[in-house]
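First comes the structure, then the notes that go with it.
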Amino acid sequence: MTEQQTEEKRYDPNDKTLKFVTRQDDITGEDDPDTRRAEMSCGHAVTPQSLTAWCRSLLDQGQHKFLCPALKEGTLHRCNAEWPYVEVRRLAVLTQEEQSHFEETMAVLAAAEYCEHKTCPGCQTFVERADITNLCVMCTICTAEKGRTFNFCWQCMKKWKGPGPRSDRCDNPSCTNPDIEKLAKCRYITLPEVKDAVGMLLKALVPGSS
Ligand SMILES: [Zn+2]
Ligand SMILES: [Zn+2]
Ligand SMILES: [Zn+2]
1 MTEQQTEEKR
11 YDPNDKTLKF
21 VTRQDDITGE
31 DDPDTRRAEM
41 SCGHAVTPQS
51 LTAWCRSLLD
61 QGQHKFLCPA
71 LKEGTLHRCN
81 AEWPYVEVRR
91 LAVLTQEEQS
101 HFEETMAVLA
111 AAEYCEHKTC
121 PGCQTFVERA
131 DITNLCVMCT
141 ICTAEKGRTF
151 NFCWQCMKKW
161 KGPGPRSDRC
171 DNPSCTNPDI
181 EKLAKCRYIT
191 LPEVKDAVGM
201 LLKALVPGSS
């Protein structure tokens, strides 16, 4: 492998599965006529470099979904199409090292999201918990609707009872920690568990991977 090849990833010009285009890169606006660009499923054009850099920056910000940042033609709205990882992997020409980094980060972020999102018992919308040491969680939607603060318990999933914040339980009699093991797993998730979760998520995300 020459030095240039290791530095710059390129599309295989003979790859018939890619749709090559000559217009500018929709992520960076770069329009070097000698660079080969390909079209994503949403119709926007990328290079392996621009796609890798964009998706890496999303992972760095804690986002594990790959959303297209290009503007819809003639508007100021982002395309926001979600690209499946298998598509990103192929069109970003991810190296082995990059694949490992992407897949592990995606799995860890997805696991964290699973642990820190629950459905509000009042309005059934997803609520994210900002403070993982506090079981007393406010739902902004219910609070706005009812015109007064609505807190629910992250453990028994009922309207919060008693003083907060607390990390063990609320004052509902049924709040007897049936979820304590699950909660403990989320809070003190250990490396072997992350590895298991990574394996499971990978199978779901990347069909055919072992
Ligand atoms: Zn797009
Ligand atoms: Zn609510
Ligand atoms: Zn409770």
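In terms of full-length UniProt numbering, the sequence shown has 11 at position 11, counting the first letter as 1, and numbering is strictly consecutive.
For each residue, glycine too, the CB sits at the ideal point set by N, CA and C.
Spell out the partners DSSP gives residue i in its beta bridges.
| i | result |
| --- | --- |
| Arg-89 | DSSP output for Arg-89 lists no bridge partner at all. |
| Arg-37 | Val-21 |
| Leu-67 | Glu-82 |
| Ala-45 | Glu-39 |
Taking the alpha-carbon of residue i as reference, which of the options has the nearest alpha-carbon?
| i | options | result |
| --- | --- | --- |
| Val-93 | Arg-36, Thr-75, Gln-49, Arg-56 | Gln-49 |
| Asp-88 | Thr-47, Pro-121, Ala-111 | First, the residue type needs correcting, since residue 88 is Val and not Asp in the sequence shown. Comparing Cα positions, the closest option is Thr-47. |
| Cys-120 | Thr-133, Met-106, Thr-143, Lys-16 | Thr-143 |
| Pro-165 | His-77, Thr-95, Val-86, Ala-130 | Ala-130 |
| Trp-154 | Lys-146, Gly-122, Gly-147 | Gly-122 |
| Cys-115 | Gly-162, Ala-53, Thr-133 | Thr-133 |
| Asp-32 | Thr-22, Gln-61, Ser-41 | Thr-22 |
For residue i, verify whether its CB is less than 6 angstroms away from any heavy atom of ligand 3.
| i | result |
| --- | --- |
| Asn-172 | yes |
| Cys-139 | no |
| Gln-63 | no |
| Cys-153 | yes |
| Cys-156 | yes |
| Cys-175 | yes |
Hey, would you say the C-beta of residue i is under 6 angstroms away from at least one heavy atom of ligand 1?
| i | result |
| --- | --- |
| Ala-45 | no |
| Cys-42 | yes |
| Ala-130 | no |
| Cys-55 | no |
| Ala-38 | no |
| Ala-70 | yes |
| Cys-79 | yes |
What do you reckon, is the C-beta of residue i under 6 angstroms from a heavy atom of ligand 2?
| i | result |
| --- | --- |
| Gly-122 | yes |
| Cys-142 | yes |
With residue i and residue j assumed to form a contact (beta carbons below 8 angstroms), what rounded beta-carbon distance in angstroms separates them?
| i | j | result |
| --- | --- | --- |
| Leu-135 | His-64 | With a Cβ gap of about 26 angstroms, Leu-135 and His-64 do not count as contacting. |
| Pro-13 | Arg-36 | 7 angstroms |
| Glu-82 | Leu-67 | 6 angstroms |
| Phe-152 | Lys-158 | 7 angstroms |
| Cys-139 | Cys-156 | The pair is not a contact, with the Cβ atoms about 15 angstroms apart (cut-off 8 angstroms). |
*asked:* Please give me, in chain order, every unbroken run of the beta strand (DSSP E) with length at least 3 that falls completely inside the stretch 70-138.
replied: 117-119, 126-128, 136-138
_List, from N- to C-terminal side, the beta strand (DSSP E) runs of 3 residues or more that fit wholly inside the stretch 136-163._
136-138, 151-153
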